[in-house]
Amino acid sequence: MINEKVQEILNSQINKEFYSAYLYLAMSAYFDKAGLYGFSNWTKVQAKEEVDHGMIIFDYIVEQDGRVKLEQIEAPEVEFTCPMQVFEKVLEHEKYVTDSINSVAHLSDDECDLATRQFVDWYISEQVEEEANARNVITKLKMFGDEKASLYHLDKELGEREYKAHKYRE
Ligand code: OFO
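Note that the sequence shown ends on residue 265 in the numbering used here; no numbers are left out.
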């Protein structure tokens, strides 16, 4: 059983997670075009993780005998200027998602939906990691500047990121 209002906010969170996947894919296309294949890999891996985030909520609603309602996914921004600008956007976006996850937690509390309140804990700590990941890349970009040799090394490093699937009830 799931609370109606909580179901609604969870459905809109699914949409935000799929939008995040779209946004990261748009960033990845920009990096591919710029020949920064490691940066592209990093954002592609992130896009896959975002789909997992959406699907975990999807499976949770189903398990709770609720109703999944898929909403239209907004088109993401597709024009970017440089890696630093992209990662500043990543951080800004992840902060927005953190706020959104916090709202799910607050509503579950208000509605005394303890199962969802517990379910959302995983997302709360995942968001700490998401913001930290973006900040780490920004720190490195600041440290090394956008001089070509350092960008080449950072691109190599980001190319090593591997996708690890997240599933509901792993
Ligand atoms: Fe799903 O965490 Fe990023 O957006």
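By construction, the Cβ of each residue, glycine as well, lies at the ideal position given by its N, Cα and C atoms.
Here the alpha carbons of Ala116 and Met150 stand approximately 12 angstroms from one another. For Asn98, no alpha helix (DSSP H) run applies, since DSSP gives it neither H nor E.
A Cβ-Cβ contact shorter than 7 angstroms links Met179 with Leu236. The alpha-carbon of Lys164 is positioned some 9 angstroms away from that of Asn110. If you keep only unbroken alpha helix (DSSP H) runs of at least 4 residues inside the region 188 to 251, you get 209 to 214 and 216 to 239.
For Glu225, the shortest separation between its Cβ and any heavy atom of ligand 1 lies below 6 angstroms. Relative to ligand 1, even the nearest heavy atom lies 6 angstroms or more away from the CB of Ser198. In the three-state DSSP reduction, Phe175 falls in the coil class, being neither helix nor strand. Rounded to whole angstroms, the separation of the alpha carbons of Met96 and Phe134 is 42 angstroms.
Pairing Thr234 with His148, the inter-Cα distance amounts to about 26 angstroms.
By the C-beta density criterion, Met122 is buried, having at least 16 other C-beta atoms within 10 angstroms.
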